[in-house]
Amino acid sequence: MFNILRAATLVAAAYVLIACTATQQDSLYQKALDLGEWKAGLDEHKADIADIEMNYLIRKGDGPVLMLVHGFSANNSTWLQFADKLPDNYYLIAPDLAGHGKSSEADSYDLERQAERLKALAEYLNLEPFHIVGNSMGGAISAIYAARFPDDIASLILIDSAGLDGENQSQFFAELEAGNNPLIATDKASFEYRMDLILEKQPPLPWPLRPALIRETVDRAPLNQEIFDDMIATRERMDQHEMSQMIADKVNMPALIMWGEKDRVLDVSAVAEFKKVIPQAEVKIYPDLGHVPMLEDPSASAETVSAFISKLD
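Residue 133 in numbering that gives the first Met the number 0 sits at position 134 of the sequence shown; the count goes up by one each step and never skips.
1) Give the secondary structure of A12 by DSSP, where H, G and I count as helix, E and B as strand, and everything else as coil.
2) Looking at S305 and Y285, is the spacing between their C-beta atoms short of 9 Å?
3) Would A139 and S160 qualify as a contact pair, given that the criterion is a beta-carbon distance under 9 Å?
4) Within the same chain, show all residues whose beta-carbon is closer than 7 Å to that of M242, passing over the 5 residues directly before and after it, in chain order.
5) Can you grab the Cα-Cα spacing for the pair D150 / V68, in whole Å?
6) Leaving out five residues before and five after D24 in sequence, what residues of the same chain have Cβ atoms less than 6 Å from its Cβ?
7) Could you have a look at G259 and say whether DSSP puts it in helix, strand or coil?
8) Looking only at its chain, what residues have a beta carbon closer than 6 Å to the beta carbon of P297, apart from the 5 residues adjacent to it on each side?
9) Between which two residues does the beta strand (DSSP E) holding I284 run?
10) Return the bridge partner residues of L79 from the DSSP annotation.
11) Would you report the Cα separation of F327 and S72, rounded to the nearest angstrom?
12) Is it buried or exposed, D95, if we count other Cβ atoms within 10 angstroms and call 16 or more buried?
13) In angstroms with no decimal places, state the Cα-to-Cα distance between G40 and N251.
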């Protein structure tokens with residue numbers, strides 16, 4: 000999503016020399032995303048999936064099939080650099096979840112409902128058993144998918160995943176308890192604070208791409224609040240014990256847990272909780288990364304995933 004291509008930086012530099020309007024900034028930001036999709040070999044599609052019109056990126060190949068599930072308030076562009084670093088023969092699907100990116104809004108953003116929509120997408124694409132890779136909220140959705148539809152899943156790969164709490168409270172949850180939600184940006188200042196909280200290693204986001212992303216993020220604040228409320232409602236309905244039991248009972252496929260040790264959104268101590276209920280899981284901790292390793296260090300993250308999958312196929 001950020002630093003999608005070095006070429007975009009060169010284009011952005013040309014705009015610095017002129018007074019770049021908001022419309023020009025938005026156009027340049029979209030062109031950078033389009034260029035990132037092209038570089039990764041991904042094509043954009045839309046289809047009526049379950050109760051929404053779902054936008055998804057796809058790159059067909061004759062190798063392992065991976066579904067990439069983004070986190071809260073993100074979209075499938077989160078995966079562009081990561082996808083570009085994966086082997087060329089990997090078959091990749093990166094959907095925008097309901098209410099995110101270019102997918103339509105929905106009546107419910109319950110995490111189980113989101114997993115059901117991904118199941119419908121897998122059926123629409125006639126996928127064979129695939130590797131599901133989820134970050135943050137997308138990790139919780141991926142774990143739910145793997146537990147409810149285990150025959151679909153070749154392996155479960157969780158990257159700084161929501162779903163189970165660690166022993167130590169994160170900065171995010173401490174602020175949430177205090178009445179502030181730093182994941183929902185309502186202005187430039189809260190956007191910058193959100194970026195600092197999520198990303199320990201900030202990829203460059205050159206002017207004038209940054210103002211376009213700020214506007215897009217702030218404009219989505221009311222919808223993000225609605226999605227967040229449904230996410231928390233799922234968390235309260237499926238409490239820690241129920242989630243743990245469901246995963247322990249149903250997630251028997253190979254698994255990989257990846258985490259940024261400096262994650263301030265979901266504390267790294269959660270790795271131990273996931274390992275308890277997925278004892279077969281391999282674990283990879285990145286000492287210098289935060290909440291979104293595949294964005295902060297796409298090369299290292301892709302290498303970890305491809306090495307893990309190569310041992311399975």
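Glycine residues also receive a C-beta, built at the ideal position from the N, C-alpha and C atoms.
Per the coordinate set shown:
1) For this step, residue 12 is matched to residue 13 along the sequence shown. Note that A12 scores a pLDDT of 47, beneath 50, so its modelled location is shaky and nothing firm can be said.
2) Residue numbering aside, residue 285 sits at position 286 when the sequence shown is read from its first letter. Residue numbering aside, residue 305 sits at position 306 when the sequence shown is read from its first letter. Going by C-beta atoms, Y285 is not nearer than 9 Å to S305.
3) Taking the sequence shown and counting its residues from 1, one reaches residue 139 at position 140. Taking the sequence shown and counting its residues from 1, one reaches residue 160 at position 161. The Cβ atoms of A139 and S160 sit closer than 9 Å to each other.
4) The sequence position of residue 242 within the sequence shown is 243, counting from 1. So the list reads G162, L163, once near-sequence residues are dropped.
5) Along the sequence shown, one-based indexing puts residue 150 at 151. Along the sequence shown, one-based indexing puts residue 68 at 69. Whole-angstrom Cα-Cα distance: 18 Å.
6) Taking the sequence shown and counting its residues from 1, one reaches residue 24 at position 25. The amino acid at residue 24 is misidentified as Asp; the sequence shows Gln. Counting only Cβ-Cβ distances below 6 Å, and skipping sequence neighbours, we find P207, P210, A211.
7) What you label residue 259 is simply residue 260 of the sequence shown in a count that begins at 1. DSSP places G259 in strand when its eight states are reduced to three.
8) The residue you call residue 297 lines up with position 298 of the sequence shown. Cβ neighbours of P297 beyond the five flanking positions: Q80, F81, K84.
9) The residue you call residue 284 lines up with position 285 of the sequence shown. From DSSP, the beta strand (DSSP E) with I284 extends over 281-285.
10) Within the sequence shown, residue 79 is the residue found at index 80, counting from 1. Answer by DSSP bridge pairing: none, since L79 is not bridged.
11) Not covered by the structure: residue 327. The range shown for the chain is 0 to 312.
12) On the sequence shown, position 96 is the one that residue 95 refers to. Counting the other Cβ atoms within 10 Å of the Cβ of D95 gives 16 or more, which makes it buried.
13) Counting from 1 along the sequence shown, the entry for residue 40 is found at position 41. Counting from 1 along the sequence shown, the entry for residue 251 is found at position 252. Answer to the nearest angstrom: the Cα atoms are 32 Å apart.
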